[in-house]
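Peer 1: The listed protein sequences correspond, in order, to chains A and B. No gaps in the numbering here: position 34 of the first sequence is 34 in this note's numbering, and each next residue is one more. No gaps in the numbering here: position 209 of the second sequence is 1209 in this note's numbering, and each next residue is one more. For each residue, glycine too, the CB sits at the ideal point set by N, CA and C. In this text, all values refer to a predicted model and were calculated from it rather than measured experimentally. After the structure tokens below, expect a handful of questions from me.
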Amino acid sequence: MLKVENLHASVGDKEILRGINLEVKAGEVHAIMGPNGSGKSTLASVLAGNEKFTVTAGSVEYMGEDLMTLSIEERSRKGLFLGFQYPVEIPGVTMANFMKLAVNEHRKAKGLAPLTAAEYLRLMREKSAIVELDSKLTARSVNEGFSGGEKKKNEIFQMAMLDPKLAILDETDSGLDIDALRIVATGVTRLKREDNATVVITHYQRLLDYIVPDYVHVLYKGRIIYTGDKSLALKLEKEGYDWLINDYKEE
Amino acid sequence: MRRISFDTQPIGAAVVGTGRWTLSEATPSRVTIEAGAEVELIIENQPAKLQLTLERDARLRVVHVITEAGVHSSLGVNLRENAECRVAQVITAATESGVEVSLAGSGASFELGGVFLLSGDQRCGVRVDVRHDVSDCRSRTLYKGVASGSARGEFSGIVYVAPDAQRTDSEQLSRNITMADAHIATRPQLEIYADDVRCSHGATVGQLDDQAVLYMRQRGLSLEMAKRLQIEGFVSDVVLHAPIAECCETLVEILHEKLQSL
Ligand SMILES: Nc1ncnc2c1ncn2[C@@H]1O[C@H](COP(=O)(O)OP(=O)(O)OP(=O)(O)O)[C@@H](O)[C@H]1O
Ligand SMILES: [Mg+2]
């Protein structure tokens, strides 16, 4: 589904990604961990198509296509979803209205007719139940005045609405209380299928109790320096990153 | 609501009671709204030079729309004791518009929500003067401007508080978004001669929020859609709170249509 090879990306003349290799297949869950500032969000942004970053080398293949030739919105419509580490507020634009446009753009790209008002309401009701999202929130402006936890739930709600092939969730577990974490994580698990894949970026192993990863990668200074199974997350939680990154510190 | 109409005598003055009227060429230039009356006034692309007086406890709700170039207007509102006036103004064309308000009776209240949305090489100037001449009055002005292309917009607002106008409660806010080579100048002014007042004013000129555009595109909206939606959101509060509820939908449509040309 996704094949990243030797990906380098910079902002200005600062190189942030320095040779990423990553392959994600349908049905898999990957976790990406790593210390603050190691480039996790940057990787997610580059995959989503954020033009702030310049890809200087390497290639990314997504569903058999060269991902880097597609615009942000084309990537989205082809099923790539990014759950933002910091969801953005859009004053005056209701969640319901925003998602209606988004869902219909996705449908248009697939050659489908827009949903009728009734169909849309039904879809919204069904999907908001997955993350126990208060239905009042969909009548409010996008993320405006949402609590930290509500914002993260709202990301998963949008993911459910758009039914992506590849979801990259950037710290969707940060700032959640125990209940919200369970709800969000269960939501993600319920959206899991054989024909889609999930990449979760996280600092905490507790998320991985719910969303069991097939692979855990450690990103450090713009490279994936280690890949293991879910036991790696446990080890990192206990021992930190030092044992792994010592070799790289001098660079 | 009862329809108010006038003889085809545009000169002189008239007194009206409760009802709704749509401004036309036949409207006299000076209209007094009777004490306690409730009047709705709709002005659509009608050049106006209108002086309104609200007698005590009168209520006036105005929806003012300018979508055609060159339709200039000046609106004067004089409020007596406990009178209340609420205005929504939506401008999508090149025009000069002025609103002059005098709060001349204790307890009077004035509210204006305005939007101008300019594209191409349109020029638009909006002036709002609010005079607090007596004590215990309230005024609110929120004006939002959006300009794209090489359009030029200007907002100038003055709040004047007379020495005797104690306990004045006034807010004036001008918020603007510019795109491309467009430019908006905003000049909010406060002139306060009383000491026991609550007055605030503010003005901002900014750009579209790139992060929000990115966010919307990540969900599948095109760049153009994302920009338009953001602007629609930016101005939405003004139209959704328009004082004549039945006009809200039309105002939303006017803005929506204009946005397609940005
Ligand atoms: N626009 C930018 N301009 C300059 N530097 C940037 C920019 N965006 C990211 N960086 C830098 O790139 C590095 C990687 O940032 P990134 O946000 O990808 O880290 P992260 O692994 O997601 O960290 P965290 O765990 O704190 O979320 C950091 O040093 C950051 O300061
Ligand atoms: Mg990050």
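I want to verify the contact list: residues of chain B whose CB lies under 9 Å from the CB of E155 (chain A), in sequence order.
Peer 2: What E155 (chain A) touches in chain B: nothing, since even the nearest Cβ is about 10 Å away.
Peer 1: Can you find a heavy atom of ligand 1 that lies under 7 Å from the Cβ of I224 (chain A)?
Peer 2: Result no, Cβ not under 7 Å from ligand 1.
Peer 1: Using a Cβ cut-off of 8 Å (strictly closer), state whether A1048 (chain B) contacts chain A.
Peer 2: Not an interface residue.
Peer 1: So what's G79 (chain A) in DSSP terms, helix, strand or just coil?
Peer 2: In the structure shown, G79 (chain A) sits in coil (DSSP, three-state: anything other than H, G, I, E or B).
Peer 1: Determine whether the beta carbon atoms of L133 (chain A) and F146 (chain A) lie at a separation below 8 Å.
Peer 2: No; because the gap between Cβ atoms is not below 8 Å, this pair is not in contact.
Peer 1: Could you compute how far the alpha carbon of I183 (chain A) sits from the alpha carbon of V131 (chain A)?
Peer 2: Between I183 (chain A) and V131 (chain A), the C-alpha separation is close to 6 Å.
Peer 1: Since I168 (chain A) contacts L82 (chain A) with CB under 8 Å, what's their CB separation in whole angstroms?
Peer 2: The pair is a contact, with the Cβ atoms about 5 Å apart (cut-off 8 Å).
Peer 1: Is any heavy atom of ligand 1 found at a distance shorter than 7 Å from the C-beta of G1107 (chain B)?
Peer 2: It does not: the Cβ of G1107 (chain B) is nowhere closer than 7 Å to a heavy atom of ligand 1.
Peer 1: Measure the alpha-carbon distance for T1141 (chain B) versus L115 (chain A) and round it to whole angstroms.
Peer 2: Approximately 39 Å between the Cα atoms of the pair.
Peer 1: Are A197 (chain A) and A26 (chain A) closer than 8 Å when you measure CB to CB?
Peer 2: Yes, Cβ-Cβ distance for A197 (chain A) and A26 (chain A) is below 8 Å.
Peer 1: I'd like to confirm the pairing. Which residues does DSSP put opposite D170 (chain A) in its beta bridges?
Peer 2: Answer is A:I201, bridged to D170 (chain A).
Peer 1: Compute the beta-carbon to beta-carbon distance between V1039 (chain B) and L1060 (chain B), rounded to the nearest angstrom, for a pair I have assumed lies under 8 Å.
Peer 2: That pair is a contact at about 5 Å.
Peer 1: Applying the criterion that 16 or more other CB atoms from any shown protein chain within 10 Å of the CB defines a buried residue, is P1163 (chain B) buried or exposed?
Peer 2: Exposed, since its Cβ has fewer than 16 Cβ neighbours within 10 Å.
Peer 1: Can you determine whether any heavy atom of ligand 2 sits closer than 7 Å to the C-beta of D170 (chain A), and answer yes or no?
Peer 2: Yes; taking the cut-off as 7 Å, the Cβ of D170 (chain A) has a heavy atom of ligand 2 nearer than that.
Peer 1: Count the other C-beta atoms from every protein chain shown that fall within 10 angstroms of the C-beta of H1256 (chain B), then say buried if there are 16 or more, exposed otherwise.
Peer 2: By the 10 Å Cβ count, H1256 (chain B) comes out exposed.
Peer 1: Given the structure, does I20 (chain A) come close to ligand 1, in the sense that its CB is under 7 Å from one of the ligand's heavy atoms?
Peer 2: No, Cβ of I20 (chain A) sits at least 7 Å from all heavy atoms of ligand 1.
Peer 1: Starting from the C-beta of I1192 (chain B), find all residues in its chain whose C-beta is less than 7 Å away, skip the five residues before and the five after it, and write them out in chain order.
Peer 2: Excluding residues within five positions, the ones whose Cβ falls inside 7 Å are V1161, C1199.
Peer 1: Given 7 Å as the limit, tell me if Q85 (chain A) has its C-beta closer than that to any heavy atom belonging to ligand 2.
Peer 2: Yes, the Cβ of Q85 (chain A) comes within 7 Å of a heavy atom of ligand 2.
Peer 1: Does any CB atom of chain A fall closer than 8 Å to the CB of G1113 (chain B)?
Peer 2: So no, G1113 (chain B) is outside the interface.
Peer 1: Would you say the beta carbon of S41 (chain A) comes nearer than 7 Å to a heavy atom of ligand 2?
Peer 2: At least one heavy atom of ligand 2 is nearer than 7 Å to the Cβ of S41 (chain A), so yes.
Peer 1: May I ask you to verify whether the region 16 to 36 of chain A touches the region 201 to 220 of chain A, counting CB pairs closer than 8 Å and requiring at least 3?
Peer 2: Cβ pair count under 8 Å is three or more, so yes.
Peer 1: Please confirm whether A1165 (chain B) and V1134 (chain B) have their CB atoms less than 8 Å apart.
Peer 2: Taking 8 Å as the Cβ cut-off, A1165 (chain B) and V1134 (chain B) qualify as a contacting pair.
Peer 1: Return no unless some Cβ of chain B is closer than 8 Å to the Cβ of P91 (chain A).
Peer 2: Interface residue, yes.
Peer 1: Can you tell me whether DSSP reads T1027 (chain B) as helix, strand or coil?
Peer 2: Coil, per DSSP.
Peer 1: Evaluate W243 (chain A) with the Cβ neighbour count: other Cβ atoms within 10 Å of its Cβ, from every protein chain shown; 16 or more gives buried, anything less gives exposed.
Peer 2: By the neighbour-count rule (16 or more Cβ atoms within 10 Å), W243 (chain A) is not buried but exposed.
Peer 1: Taking 7 Å as the cut-off, is the CB of L38 (chain A) close to at least one heavy atom of ligand 1?
Peer 2: A small fix is needed here, since residue 38 (chain A) is Ser in this sequence, not Leu. Yes.
Peer 1: Return the residues of the region 105 to 118 of chain A that lie within a Cβ-Cβ distance of less than 8 Å from chain B, sorted by chain order.
Peer 2: Under the 8 Å Cβ criterion, the region 105 to 118 of chain A contributes E105, H106, A109.
Peer 1: Measure the alpha-carbon distance for L181 (chain A) versus L207 (chain A) and round it to whole angstroms.
Peer 2: Those two C-alpha atoms are separated by around 7 Å.
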